């Protein structure tokens, strides 16, 4: 008789063991299975390093080449064994969490509220279990959470900090995580001198090297920092000066070798400015220019080609990237990629597209049309180069720097879930194999982790059934009051996208009262009560943001608008302990929302 189920735990007693190596990502995967199964059932499964022939059920973690694309995984029941397999070690960690989900766990967001652990004395799996999961995007780069959380959620990179410690390197090995480092590093490479042997960097002295400095529009050689960052290093040097060019490119190599030698991926960007200012000396102006116009992207890639070549000479095997962003967003005209772009990455960052506020990339909004044309230009360039590198998207979903001026944006409702899905399908179809979302404040899960969780799911499955996924979330996260909370959340979302009016504000306030009624039903469940309280606070915040928008666009009442903004700041700080301690947002995130976001609106009301 064929068994229909495989029993892992029966009445609080372990009926299975875990087979995994003693060290590395598979050992970590085994420890996570052991931890959460014990928390669910009270039974602690033993972990052995050898698959012995014995009567008990075995959960076997192992590597098998070709079993899944990228770092995906396969789950399969075979007789008395449940097998978790992957082609890459960290794939077994994803597989362990996938198996826990089959047992009823959910990992929607940060602890304590974002993890769902059903309490079951008996845990069973179907005997016909067979699952294959492969990520749509091979490189999934996180912006928030701890390294352990990032891997748990399905990302596969962790960031290298400044001069990483041995503990960090050990953590990366344990998780099987790839490591990355990027940023607007060029100003530092101009103002500081770095050393490959790890010595502390020194301030660069251009005394006697004044001819290395760029010429400005008045013919003066000087530092040229971005106007909004006058304290920063310059935007460029006189790169037609061979000595300056060689020093800068070697300095970039030294920065990588001293700051992030073990990184799998490094991307160096120019200053964070809309237009990259170049040296205007006659030699620089005559190179990579047409009719007096200098092409910044050509200069940028000319420099990066040299850095990649020198990294090869130093034996550095990681991926080295460039960014298409603001001053370097126009494809190059003259410069070819070194070695057809091998071990390089094209990082596409369409910031002016506005983080999805104009709908999906595929619609007919003028800004989206413009950036589709821009992207097609880049793709044509890469095709002509016979490009052998990778392609990564740098999007701006939930970025309050871009979206904080909009009522729906500052309440974390932009982009809509369907917009993200349409975008990711488009990028994937265009050949992108990596994705990052720049979303400051990046550790905000307010009112709940739904949108961030769906974004991560879409990185794995661009054809995700959004309705079914939302059903799963509300059913598990809000339990017996799921329907009530969902009705409130979706009603608020609808109201936040409508034109502001006093009636809309009143409706939002009535929905806060609805949350209070829901809260009264769950007071015996402390965890669920905190989730509902988070929703109630969000509805109150939405009403305040909508009232601010009302005074900005309808009443044009400067004083009332400023009063509401000050009330938002006061309200956020009053609720800081609850919001931060339960990880709806970090202290830094709250300070940003109560600080720069509010200040932006106060300035706006001053201009009315």
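Residue numbers (the working numbering): -19 to 588.
Glycine is no exception: its CB is placed at the ideal position from the N, C-alpha and C atoms.
The structure displayed is predicted, hence computed values, not measured ones.
Which of the three DSSP states is assigned to residue 310 in this structure?
As a working note, residue 310 is residue 330 in the chain shown. If DSSP states are grouped into helix, strand and coil, residue 310 belongs with coil.
Here's a check: name, in chain order, each residue in its chain whose Cβ is nearer than 6 Å to the Cβ of residue 24, leaving out the five neighbours to either side.
In the chain shown, the residue the question calls residue 24 occupies position 44. Closer than 6 Å at the Cβ level, and outside the excluded window around residue 24, lie 18.
CA-CA distance, residue 425 and residue 82?
In the chain shown, residue 425 corresponds to position 445, counting from 1. In the chain shown, residue 82 corresponds to position 102, counting from 1. Cα-Cα distance, rounded: 24 Å.
Is the beta carbon of residue 383 sitting closer than 7 Å to the one on residue 335?
Working through the chain shown from its first residue, we reach residue 383 at position 403. Working through the chain shown from its first residue, we reach residue 335 at position 355. Result yes, Cβ atoms of residue 383 and residue 335 sit closer than 7 Å.
Count the other CB atoms, across all protein chains shown, that sit within 10 Å of the CB of residue 548; report buried if there are 16 or more and exposed otherwise.
The residue you call residue 548 lines up with position 568 of the chain shown. Answer is buried; the Cβ neighbour count reaches 16.
Return the CA-CA distance between residue 126 and residue 271, expressed in angstroms with no decimal places.
Sequence index remark: in the chain shown, residue 126 carries index 146 (1-based). Sequence index remark: in the chain shown, residue 271 carries index 291 (1-based). One C-alpha to the other measures close to 50 Å.
My parser needs the beta strand (DSSP E) runs of 3 or more residues fully inside the region 235 to 302; what are they?
Counting only runs of 3 or more, we get 245 to 248.
Compare the beta carbon distance of residue 299 and residue 323 with 7 Å and say whether it is the shorter of the two.
Along the chain shown, one-based indexing puts residue 299 at 319. Along the chain shown, one-based indexing puts residue 323 at 343. Yes, the Cβ-Cβ distance between residue 299 and residue 323 is below 7 Å.
Indicate the three-state DSSP secondary structure (helix, strand or coil) for residue 106 in the structure shown.
What you label residue 106 is simply residue 126 of the chain shown in a count that begins at 1. Strand.
For the beta strand (DSSP E) containing residue 406, name the first residue and the last one.
For the purposes of this step, residue 406 is taken as residue 426 along the chain shown, with counting starting at 1. From DSSP, residue 406 is part of no beta strand (DSSP E) but of the alpha helix (DSSP H) over 397 to 409.
Return the chain-ordered list of same chain residues with a C-beta closer than 8 Å to the C-beta of residue 205, the five sequence neighbours on each side being excluded.
The residue you call residue 205 lines up with position 225 of the chain shown. Excluding residues within five positions, the ones whose Cβ falls inside 8 Å are 167, 211, 212, 213, 214, 215 and 251.
Touch check for the region 470 to 479 and the region 428 to 439: three-plus C-beta pairs under 8 Å?
No, the region 470 to 479 is not in contact with the region 428 to 439.
Comparing alpha-carbon positions, which option in 515, 554, 218 and 476 lies nearest residue 464?
Residue mapping note: residue 464 aligns to position 484 of the chain shown, counting from 1. Comparing Cα positions, the closest option is 515.
Please look up how many angstroms separate the CB atoms of residue 202 and residue 196, rounded, as I've assumed it's under 8 Å.
Within the chain shown, numbered from 1, the residue matching residue 202 stands at position 222. Within the chain shown, numbered from 1, the residue matching residue 196 stands at position 216. Correct: roughly 6 Å between the Cβ atoms.
Just to confirm my understanding: we take residue 49, look at its own chain, exclude 5 residues before and 5 after, and list those with CB closer than 6 Å. What are they?
The residue labelled residue 49 in the question sits at position 69 within the chain shown. 114.
Does the region 449 to 463 come within contact of the region 495 to 503, defined as at least 3 CB pairs closer than 8 Å?
Cβ pair count under 8 Å is three or more, so yes.
Let me make sure I understand the geometry here. Which of 568, 386 and 394 has the alpha-carbon closest to that of residue 376?
Your numbering for residue 376 matches position 396 in the chain shown. Out of 568, 386 and 394, 394 has the C-alpha closest to the C-alpha of residue 376.
Quick check for students: name the residue ranges of the beta strand (DSSP E) that lie wholly in the region 118 to 193, counting only runs of 3 or more.
The region 118 to 193 contains these whole beta strand (DSSP E) runs: 119 to 121, 137 to 139 and 158 to 163.
Below 7 Å between beta carbons: does that hold for residue 592 and residue 374?
The question about residue 592 has no answer, for the chain in this structure spans -19 to 588.
Using 7 Å as the threshold, is the C-beta distance between residue 581 and residue 557 below it?
Within the chain shown, the letter at position 601 stands for residue 581. Within the chain shown, the letter at position 577 stands for residue 557. The answer is no: Cβ separation not under 7 Å.
For residue -8 and residue 104, which I take to be in contact (beta-carbon distance under 8 Å), what is that distance rounded to the nearest angstrom?
Position 12 of the chain shown, counted from the start, is the residue given in the question as residue -8. Position 124 of the chain shown, counted from the start, is the residue given in the question as residue 104. Not confirmed; about 14 Å, so no contact.
Strictly by DSSP, which residues pair up with residue 370?
What you label residue 370 is simply residue 390 of the chain shown in a count that begins at 1. BP columns for residue 370 point to 325.
Run through DSSP, which three-state label would residue 375 get?
Position 395 of the chain shown, counted from the start, is the residue given in the question as residue 375. Here residue 375 sits in strand by DSSP.
Whose C-beta lies closer than 7 Å to the C-beta of residue 396 among residues of the same chain, with five residues either side of it excluded?
Position 416 of the chain shown holds residue 396. There are no such residues.
Below 6 Å CB to CB, which residues in the same chain sit around residue 330 once its five sequence neighbours on both sides are set aside?
The residue given as residue 330 occupies position 350 in the chain shown. 351, listed in sequence order.
Who are the Cβ neighbours of residue -19 in its own chain at under 7 Å, not counting the five residues just before and after it?
As a working note, residue -19 is residue 1 in the chain shown. Confidence at residue -19 is low in this model, with a pLDDT of 40, below 50, so its placement is unreliable and the value that follows should be read with caution. Answer for residue -19: no residue qualifies.
Give the single residue among 227, 451 and 523 whose Cα lies nearest to the Cα of residue 481.
Position 501 of the chain shown, counted from the first residue, corresponds to residue 481. Closest by alpha carbon: 523.
Check whether the region 217 to 234 and the region 129 to 137 touch, using three or more Cβ-Cβ pairs below 8 Å as the test.
At 8 Å Cβ cutoff, the stretches do not touch.
If I measure Cβ to Cβ from residue 453 and keep anything under 6 Å in the same chain, skipping five residues before and after, which residues do I get?
Along the chain shown, one-based indexing puts residue 453 at 473. For residue 453, where only same-chain residues beyond five positions count, the Cβ hits under 6 Å are 430.
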